[in-house]
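Visitor: Numbering (our numbering), first residue to last: 569 to 707.
There's a structure below that I have some questions on.
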């Protein structure tokens, strides 16, 4: 998890540096489109994509941890063991109907999360302008 956070942080720093390069290139060209501004914009676009990718990887790590925790809680609930209660050897008091209900609930939550992730991915694939609307201001 720490590696994912470090990667995200580094990519964010790169996005900020690329954004600063775009601003400097535009100022140097007096707001005109030049090869330098195009190159700076392309570098920013690439860095933005890498930053989004690092965010997706971190989200995958969080989702994996969430599924692992849910599975542990599911087994605790199915065995009748309360959270924080000392473990006994094996699942001595497995309540099959309760386990099946809990498993069904976990599967439905996982499906909902999958649909939500797909919707978020579709929304973010429309580009950075959809995520961060720009406002033109007159100086």
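Note that beta-carbon positions come from the ideal geometry of N, C-alpha and C, so glycine has one too.
Under the rule that 16 or more other beta-carbon atoms within 10 Å means buried, what is residue 647, buried or exposed?
Guide: By one-based count along the chain shown, residue 647 stands at place 79. Buried, by the Cβ-count rule.
Visitor: With a 10 Å radius around its C-beta and 16 neighbouring C-beta atoms as the bar for buried, classify residue 602 as buried or exposed.
Guide: Within the chain shown, residue 602 is the residue found at index 34, counting from 1. Residue 602 should be labelled exposed.
Visitor: Which class does residue 600 belong to by DSSP, given the choice of helix, strand or coil?
Guide: Taking the first residue of the chain shown as position 1, residue 600 is located at position 32. Reduced to three states, the DSSP call for residue 600 is coil.
Visitor: Quick one: grab the DSSP three-state call for residue 569.
Guide: Against the chain shown, residue 569 aligns to sequence position 1. Three-state DSSP puts residue 569 in coil, outside helix and strand.
Visitor: Short check: CB of residue 620 to CB of residue 589, under 8 Å?
Guide: Here residue 620 is taken as the residue at index 52 of the chain shown, counted from 1. Here residue 589 is taken as the residue at index 21 of the chain shown, counted from 1. No, the pair does not count as a contact, with Cβ atoms beyond the cut-off.
Visitor: What is the rounded straight-line gap between the Cα of residue 643 and the Cα of residue 681?
Guide: Position 75 of the chain shown, counted from the start, is the residue given in the question as residue 643. Position 113 of the chain shown, counted from the start, is the residue given in the question as residue 681. Cα to Cα, the separation comes out at about 20 Å.
Visitor: Out of curiosity, what's the CA-to-CA distance linking residue 672 and residue 573?
Guide: Mapped onto the chain shown, residue 672 falls at position 104. Mapped onto the chain shown, residue 573 falls at position 5. If I take the Cα positions, the gap works out to 33 Å.
Visitor: For the stretch 574-583 against the stretch 616-636, are there 3 or more C-beta pairs whose distance is under 8 Å?
Guide: Yes, since at least three Cβ pairs between the stretch 574-583 and the stretch 616-636 fall closer than 8 Å, the two stretches touch.
Visitor: Is residue 593 near residue 585, with beta carbons less than 8 Å apart?
Guide: What you label residue 593 is simply residue 25 of the chain shown in a count that begins at 1. What you label residue 585 is simply residue 17 of the chain shown in a count that begins at 1. Their beta carbons are not under 8 Å apart, which means residue 593 does not touch residue 585 by this criterion.
Visitor: If you draw a straight line from the C-alpha of residue 679 to the C-alpha of residue 641, how long is it?
Guide: Within the chain shown, the letter at position 111 stands for residue 679. Within the chain shown, the letter at position 73 stands for residue 641. Their backbone Cα atoms lie some 18 Å apart in a straight line.
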